[in-house]
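What follows is a single structure, written as structure tokens, with notes after it.
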Amino acid sequence: MNILVTGGAGFIGSNFIRYMLERYPDDRMVNLDKLTYAGNLENLKDVAAHPRYQFVHGDICDAAMVQASLKRNEIDIVVHFAAESHVDRSIMGASECVRTNVLGTSVLLEAAKESKLTKFIHVSTDEVYGSLGSEGRFSESTPLHPNSPYAASKASADLLVLAYHHTFGLPVVVTRCSNNYGPYQFPEKFIPLMIVNALNDKPLPVYGDGSNVRDWIHVLDHCAAIDTVLHTGRIGSVYNIGGNSERKNLDVAKRILQSLAKPESLLAFVKDRPGHDRRYAMDSSKIEDELRWRPRMSFEEGLVETISWYQQHADWWQRIVNGEYKDYYKAMYEGR
Ligand code: NAD
Ligand code: TYD
1 MNILVTGGAG FIGSNFIRYM LERYPDDRMV NLDKLTYAGN LENLKDVAAH PRYQFVHGDI
61 CDAAMVQASL KRNEIDIVVH FAAESHVDRS IMGASECVRT NVLGTSVLLE AAKESKLTKF
121 IHVSTDEVYG SLGSEGRFSE STPLHPNSPY AASKASADLL VLAYHHTFGL PVVVTRCSNN
181 YGPYQFPEKF IPLMIVNALN DKPLPVYGDG SNVRDWIHVL DHCAAIDTVL HTGRIGSVYN
241 IGGNSERKNL DVAKRILQSL AKPESLLAFV KDRPGHDRRY AMDSSKIEDE LRWRPRMSFE
301 EGLVETISWY QQHADWWQRI VNGEYKDYYK AMYEGR
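Residue numbering for the sequence shown follows our numbering, beginning at 1 and increasing consecutively.
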């Protein structure tokens, strides 16, 4: 099969491409990525010359380029990761987020409509459902109630994708996953930001009182779920993917400090994120019962492994934090 991965130079996309190349000797992976601040070809350095891997530098909003890529590479399946993926950046300014996540998805769908795809997998998020109180979990039938510009743009894209199935019979599947962590995650997101700051003996900025809850999943468990959906997911369906690992942010930050033998005095409680969702938790029983997927990595084991990956790949994240990231960090955290 010829598989087009959009956003393959980012965190989850790069892990997915490596995962698929290792497992499927007959599949070809084409990575279409704009290389924004979050896209990094270093994430795929080890497979750059792989005979079944190809990189295409391009923007998913460029209709002619997207159409040509699908045609030229005789693409059978699209796995759509490309997005502006950070809530805080979407709060600072939403236009890029709306452009890529909504317009970009609609451009891909139009191109997909004219091609002979067997599946279009749209990679979405639990954030489309909004925020939970202390009880309950999101199921696929929970009404969409996105709260941040990022979440609203992803929910819009989900609806477009499902509308293209209903109206044009496009063979779509939507996956909605909880918070990922693992190797190659850009250090603007919570877990890598805490690890990198702890390694640098810098304060760990915890929003509010640190009692917001996220349901963490290791990125390779997410990749395995998408692989399962790619092979056996029902066309027209939505699948929730969760890690069954709800943790309070403060507990995660403390655990990171403990693992690195750093003092809790590095914790810095800062002004809360506007509109901060309180709690996310996924009910993944549909994908577990129907497709027999389950998360395998325990959070404690995965976190230790991830911390050690960042310790061993200091050159990777130092190049990032010493670049334009400095300006972002200043704008987001200075005087907060
Ligand atoms: P990321 O920010 O690490 O990577 C995004 C990639 O998309 C980058 O390589 C970037 O260059 C590329 N990109 C951005 N705009 C583009 C454009 N216009 N054209 C082509 N490429 C473009 O993101 P991630 O964390 O790997 O997330 C991937 C997907 O998974 C996103 O759709 C996100 O909404 C979804 N998701 C992420 C999480 C998570 O915890 N990170 C959880 C659930 C769902
Ligand atoms: P994040 O990784 O941005 O993911 P999302 O907001 O999409 O869930 O944040 C995870 C949680 O960590 C969220 O509750 C916000 C919180 N957070 C902090 O407390 N400090 C930080 O510096 C960041 C980036 C996030």
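Cβ coordinates follow ideal geometry from the N, Cα and C atoms, glycine included. Fair warning: this is a prediction, and the values are worked out from it, not measured in the lab.
Cβ of residue i versus every heavy atom of ligand 2: is any distance shorter than 7 Å?
i: Lys-189; result: yes
i: His-86; result: yes
i: Asn-147; result: no
i: Glu-127; result: yes
i: Tyr-207; result: yes
i: His-218; result: no
i: Asn-337; result: Given that the chain is displayed from residue 1 to residue 336, the structure contains no residue 337 and the question cannot be resolved.
i: Asn-249; result: yes
i: Arg-273; result: yes
i: Asn-101; result: no
i: His-276; result: yes
i: Leu-193; result: yes
i: Asn-212; result: yes
Below 7 Å, is the gap between the Cβ of residue i and the nearest heavy atom of ligand 1?
i: Lys-45; result: no
i: Leu-330; result: According to the sequence provided, residue 330 is Lys. The question's Leu does not apply to it. Lys-330 Cβ: outside cutoff for every heavy atom of ligand 1.
i: Ile-17; result: no
i: Asp-215; result: no
i: Thr-232; result: no
i: Ser-124; result: yes
i: Phe-186; result: yes
i: Ile-12; result: yes
i: Cys-97; result: no
i: Phe-81; result: yes
i: Ile-342; result: Given that the chain is displayed from residue 1 to residue 336, the structure contains no residue 342 and the question cannot be resolved.
i: Cys-177; result: yes
i: Asp-289; result: no
i: Lys-119; result: no
i: Ala-111; result: no
i: Leu-32; result: yes
i: Ala-9; result: yes
i: Thr-105; result: no
What is the DSSP secondary structure of residue i, reduced to helix, strand or coil?
i: Trp-293; result: coil
i: Glu-338; result: Since the first residue of the chain shown is 1 and the last is 336, residue 338 is not available in this structure.
i: Gln-312; result: helix
i: Ala-157; result: helix
i: Ser-134; result: coil
i: Met-1; result: coil
i: Ile-235; result: coil
i: Thr-142; result: coil
i: His-276; result: coil
i: Thr-6; result: strand
i: Gly-336; result: It is Arg, not Gly, that sits at residue 336 in the sequence shown. It is coil, neither helix nor strand.
i: Gly-323; result: coil
i: Glu-114; result: coil
i: Phe-186; result: coil
i: Gly-302; result: helix
i: Asp-227; result: helix
i: Lys-262; result: coil
i: Leu-35; result: coil
i: Ile-307; result: helix
i: Tyr-24; result: coil
i: Asn-200; result: coil
i: Ala-151; result: helix
i: Ala-394; result: Absent from the model: residue 394. The displayed extent of the chain is 1 to 336, so no value can be given.
i: Ala-94; result: coil
i: Ala-331; result: helix
Look up residue i in the DSSP assignment and give the residues it is bridged to.
i: Lys-248; result: Val-213
i: Gln-119; result: The amino acid at residue 119 is misidentified as Gln; the sequence shows Lys. Looking at the DSSP assignment, Lys-119 forms a beta bridge with Ile-77.
i: Ala-268; result: Pro-205
i: Cys-177; result: Thr-125 and Ile-241
i: Gln-54; result: Val-30
i: Met-65; result: None, per the DSSP bridge assignment.
i: Met-282; result: Phe-138
i: His-218; result: Tyr-181
i: Val-337; result: With the chain represented from 1 up to 336, any question about residue 337 goes unanswered, as that position is not in the structure.
message = I'd like to know if the segment 46-60 and the segment 85-93 are in contact, where contact means that at least 3 CB-CB pairs between them fall below 8 Å.
response = no
task = For the segment 64-83 and the segment 27-39, state whether three or more C-beta atom pairs, one from each stretch, are separated by less than 8 Å.
result = yes
ask   = So, do the segment 222-240 and the segment 189-197 have three or more beta carbon pairs nearer to each other than 8 Å?
value = no
ask   = Given 8 Å as the limit, is there contact between the segment 97-105 and the segment 206-222, that is, 3 or more CB pairs closer than that?
value = no
request  = Would you check if the segment 238-252 and the segment 272-282 touch, i.e. whether three or more CB-CB distances between them fall below 8 Å?
outcome  = yes
task = May I ask you to verify whether the segment 8-15 touches the segment 28-46, counting CB pairs closer than 8 Å and requiring at least 3?
result = yes
query = Should the segment 197-212 be regarded as contacting the segment 150-166, the criterion being three or more beta carbon pairs within less than 8 Å?
reply = no
ask   = Quick one: any contact between the segment 124-143 and the segment 66-75, if contact means 3 or more CB pairs under 8 Å?
value = no
inquiry  = Tell me whether the segment 296-314 and the segment 149-163 touch, counting them as touching only if at least three CB pairs, one residue from each stretch, are closer than 8 Å.
reply    = no
inquiry  = Check whether the segment 246-259 and the segment 316-325 touch, using three or more Cβ-Cβ pairs below 8 Å as the test.
reply    = no
request  = Could you say if the segment 146-160 and the segment 265-278 meet the contact criterion of at least three C-beta pairs nearer than 8 Å?
outcome  = yes
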